[in-house]
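J.: Mind having a look at this structure? Questions to follow.
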Amino acid sequence: MKHAIEIAGTSFPLKFGFGAFKLLGNAWDCKGIQSVINEFQKIIPTGKEPDVTFEAADKLADVAFAGISNAGVKELPDSDECIEALLFGGQLEPLMIAFQESLPQGNPQPVKTNRQTKKAKKK
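In the numbering used here, the protein residues as written are 1 to 123.
This is the structure we're talking about:
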């Protein structure tokens, strides 16, 4: 795996993408990928001394668990150990990088179906 985070002395692979977004959507009651991205942006700590709320800390753990689960890991680490690693163990940055690299880049072009292609050829 390209990305991983270390929690309580164990390295856990991270894999984001549709599966992880769906897990987060279910956990956060979001109907689609953009809603998950919007919710994620609300929890990102900012400033020189960010005050991370308990709710935001739990959601950061949700992000880590979604990436770990989507990578195929069946046994997740303890939530408190995960939050501690993210907030105080230097693992927040690798998590953020892995998540942000999974976001859609640029303006993807719609894929034409066979039906659309056949209609275009008939004209």
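Backbone N, C-alpha and C fix where the C-beta goes; we use that ideal spot for every residue, glycine too.
Everything numeric in this text was worked out from a predicted model, so none of it was measured.
For P45, which of helix, strand or coil comes out of DSSP?
T.: Correct three-state label for P45: coil.
J.: Whole angstroms is fine: what's the gap from A56's alpha carbon to I43's?
T.: 5 angstroms
J.: Quick check: what's the CA-CA separation for D58 versus F40?
T.: 12 angstroms
J.: Roughly how many angstroms lie between the CA atoms of D80 and K2, to the nearest whole one?
T.: Distance between the alpha carbons of D80 and K2: 25 angstroms.
J.: With a 10 Å radius around its C-beta and 16 neighbouring C-beta atoms as the bar for buried, classify F88 as buried or exposed.
T.: Result: exposed.
J.: Compute the Euclidean distance between the alpha carbons of F65 and A98, then round it to the nearest angstrom.
T.: Roughly 13 angstroms separates the two Cα atoms.
J.: Which residue wins for smallest C-alpha separation from D62, given the options S11, F21, P104?
T.: F21
J.: Figure out for me which residue from L86, Q100, P104, I33 has the closest Cα to the Cα of V52.
T.: L86
J.: How close, in whole Å, do the beta carbons of E6 and Q91 come, if the pair is a contact with beta carbons under 8 angstroms?
T.: Right, their Cβ atoms sit about 6 angstroms apart.
J.: Look up A66 in the DSSP assignment and say whether it is helix, strand or coil.
T.: helix
J.: Could you pull out every residue in the same chain whose Cβ sits closer than 8 angstroms to the Cβ of T10, ignoring the five residues on either side in sequence?
T.: P77
J.: Mapping DSSP to helix, strand and coil, what is A4?
T.: strand
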